[in-house]
Amino acid sequence: MHYIVMDLEWNNTYAKRIKGFINEVIEVGAVMLDENFNYVGEFSRMVRSQIGKKLRGNVKRLTHITNDEVRNGEPFTKVMSDFKNWIGDRENVILTWGDGDIRVLIENFRYLNGLQVLPFLTNYLDIQHYFQVKKEIPKAKQIGLFAAAELVDIDPELFAHHRALDDSMVTAECLKKVFDKKDFFKHVVKCDDAFYQKLQYKPHAIGNINHPLVDKSLLSFTCEKCGSSGEQLTDWRYSNQFFRANFHCPVCNYDARVAVRFKKYFDRLETKKNVSIISNEKVKK
Ligand SMILES: [Zn+2]
Numbered sequence: 004m005h006y007i008v009m010d011l012e013w014n015n016t017y018a019k020r021i022k023g024f025i026n027e028v029i030e031v032g033a034v035m036l037d038e039n040f041n042y043v044g045e046f047s048r049m050v051r052s053q054i055g056k057k058l059r060g061n062v063k064r065l066t067h068i069t070n071d072e073v074r075n076g077e078p079f080t081k082v083m084s085d086f087k088n089w090i091g092d093r094e095n096v097i098l099t100w101g102d103g104d105i106r107v108l109i110e111n112f113r114y115l116n117g118l119q120v121l122p123f124l125t126n127y128l129d130i131q132h133y134f135q136v137k138k139e140i141p142k143a144k145q146i147g148l149f150a151a152a153e154l155v156d157i158d159p160e161l162f163a164h165h166r167a168l169d170d171s172m173v174t175a176e177c178l179k180k181v182f183d184k185k186d187f188f189k190h191v192v193k194c195d196d197a198f199y200q201k202l203q204y205k206p207h208a209i210g211n212i213n214h215p216l217v218d219k220s221l222l223s224f225t226c227e228k229c230g231s232s233g234e235q236l237t238d239w240r241y242s243n244q245f246f247r248a249n250f251h252c253p254v255c256n257y258d259a260r261v262a263v264r265f266k267k268y269f270d271r272l273e274t275k276k277n278v279s280i281i282s283n284e285k286v287k288k
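For what it's worth, my numbering labels the leading residue of the sequence shown as 4, then goes sequentially.
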């Protein structure tokens, strides 16, 4: 089993064919580690840009990559074919910090190679996700690579910032610090059709009140003070992701706004309900 820790640099650019913006890969860096986390190889290539002509200012500032370097790079197809050969036939897990790089790579393969799946990708782990699980950092707070490195006493100054190979090394060092054979492989995912569908799935709020996933029992109000179910003052209407209606508690004599959101993710539904009391001054009788 080899661990392939990969990092990409990309340039956001307009792509005529899809009439939209795309993150074009300009550098690929990766390190290979064996079962015992010994470094057994590294990969570092510049990719000649085919979609964008010039690097954005923020990319140049962050990475210190120059337009000349990108012009002197190799075509994306050649770099990725070399990458596949470099990885070889041994069973592996590909790891990236966050799933952004893997999304970008899939997008580039589709746009530039016409391939729907990555030919070298069989097992994948988002190491940022695993790191946050092990360090008990909440999902909502996405920790950056360098903040994570400092948290586990890796001096990021030892590595040049924001170049693909260095970032992949910092990521590999973070992996070593949190790796736990008891649960690591439970977080590794098989890259089957569902994997690609899940990556591309756009979570969205359900706006149709008759949708089968809308649990009507949540479209209700119970007064926190007296337990009464109150009177509904307005019909449910949908705006800004939430179904909204106003209620009145006749026992406690106040009005409340109720807002309920049903958010569909690839493999789960998340519901959120907010109740806020309408202050008396605002109530117009
Ligand atoms: Zn009440």
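All C-beta atoms in this analysis are idealised placements derived from N, C-alpha and C, irrespective of residue type, glycine included.
Neighbourhood of residue i by C-beta, 6 angstroms cutoff - its chain only, sequence neighbours within 5 removed
i, result
"Asp-170", "Asp-10"
"Thr-99", "Met-9, Ile-105"
"Glu-12", "Ile-29, Glu-30, Thr-66, Ala-167"
"Arg-64", "none"
"Phe-224", "Gly-233, Phe-250, Val-261"
"Met-4", "Glu-38, Glu-94"
"Glu-139", "none"
Member of the options whose CA lies at the smallest distance from the CA of residue i
i, options, result
"Phe-269", "Thr-237, Ile-157, His-207", "His-207"
"Leu-222", "Lys-193, Val-192, Ala-259, Val-263", "Val-263"
"Val-62", "Ile-29, Val-43, Arg-93", "Ile-29"
"Tyr-127", "Val-192, Phe-265, Leu-36", "Val-192"
"Thr-174", "Val-50, Phe-24, Ala-33, Glu-27", "Ala-33"
"Ala-163", "Asp-104, Ile-68, Val-261", "Ile-68"
"Lys-19", "Phe-40, Leu-36, Asn-41, Gln-53", "Gln-53"
"Leu-168", "Gly-44, Leu-202, Asp-238", "Gly-44"
"Glu-6", "Arg-93, Glu-227, Asn-243, Phe-245", "Just to set this straight, residue 6 is Tyr in the shown sequence, not Glu. It is Arg-93."
"Val-120", "Val-254, Glu-77, Val-155, Phe-198", "Phe-198"
"Lys-56", "Pro-215, Lys-201, Asn-14", "Asn-14"
"Asn-39", "Ile-212, Lys-275, Leu-178", "Leu-178"
"Cys-229", "Val-254, Arg-240, Val-217", "Val-254"
"Ala-152", "Arg-166, Lys-144, Met-172, Asn-41", "Met-172"
"Pro-78", "Phe-112, Asp-258, Asp-102, Gly-103", "Phe-112"
"Lys-142", "Phe-245, Leu-118, Ser-84, Gly-101", "Gly-101"
"Asp-289", "Glu-273, Leu-148, Asn-277, Ile-212", "For the chain, the structure presents residues 4 to 288; residue 289 sits outside this window and is missing."
"Ile-90", "Pro-122, Tyr-17, Asp-186", "Pro-122"
"Glu-273", "Ser-279, His-251, Gln-244", "Gln-244"
"Asp-37", "Phe-46, Asn-75, Lys-219, Asn-95", "Asn-95"
"Asn-116", "Asp-156, Glu-27, Tyr-241, Glu-227", "Glu-27"
"Leu-108", "Gln-203, Glu-72, Glu-176, Ser-220", "Gln-203"
"Gly-233", "Ser-220, Cys-252, Lys-219, Pro-215", "Cys-252"
"Lys-205", "Gly-103, Phe-24, Lys-267", "Lys-267"
"Asp-158", "Asn-277, Ile-146, Glu-176", "Glu-176"
"Phe-86", "Ala-150, Val-155, Gly-103, Met-35", "Met-35"
"Cys-226", "Tyr-241, Lys-219, Val-278", "Val-278"
"His-214", "Phe-246, Ala-150, Val-155", "Phe-246"
"Lys-276", "Gln-235, Ala-150, Ser-220, His-165", "Ser-220"
Residues of its chain near residue i, where Cβ-Cβ distance is below 7 angstroms and the 5 sequence neighbours each way are ignored
i, result
"Leu-124", "Ile-97, Cys-194"
"Gln-137", "Checking the sequence shown, residue 137 turns out to be Lys, not Gln. Same-chain partners within the cutoff: Val-181, Asp-183."
"Val-82", "Val-31, Arg-48, Val-50"
"Asn-70", "Lys-57, Leu-58"
"Val-217", "Ile-209, Phe-265"
Chain-order list of residues whose beta-carbon lies under 8 angstroms from that of residue i (same chain, five-residue window excluded)
i, result
"Ile-21", "Tyr-114"
"Ile-281", "Asn-249, Tyr-257, Asp-258, Ala-259, Arg-260"
"Lys-288", "Confidence is the limiting factor: at Lys-288 the pLDDT is only 47, short of 50, which leaves the residue's position unreliable, though a coordinate-based value still follows. Excluding sequence neighbours, Lys-288 sits near nothing in its chain."
"Asn-75", "Met-49, Arg-51"
"His-80", "For the record, residue 80 in the displayed sequence is Thr; it is not His. Cβ within range, chain order: Leu-115, Asn-116."
"Glu-110", "Ile-25, Asn-26"
Residue i CB to nearest heavy atom of ligand 3 below 7 angstroms
i, result
"Arg-59", "Judged by which ligands are present, ligand 3 is missing from the structure shown, whose ligands are ligand 1."
- Task: Collect the residues with a C-beta less than 5 angstroms away from any heavy atom of ligand 1 and give them in sequence order along the chain.
- Result: Cys-226, Lys-228, Cys-229, Ser-231, Cys-252, Val-254, Cys-255
- Query: If we count Cβ pairs, one from each stretch, closer than 8 angstroms, do we get three or more for the stretch 119 to 137 versus the stretch 183 to 203?
  - Reply: yes
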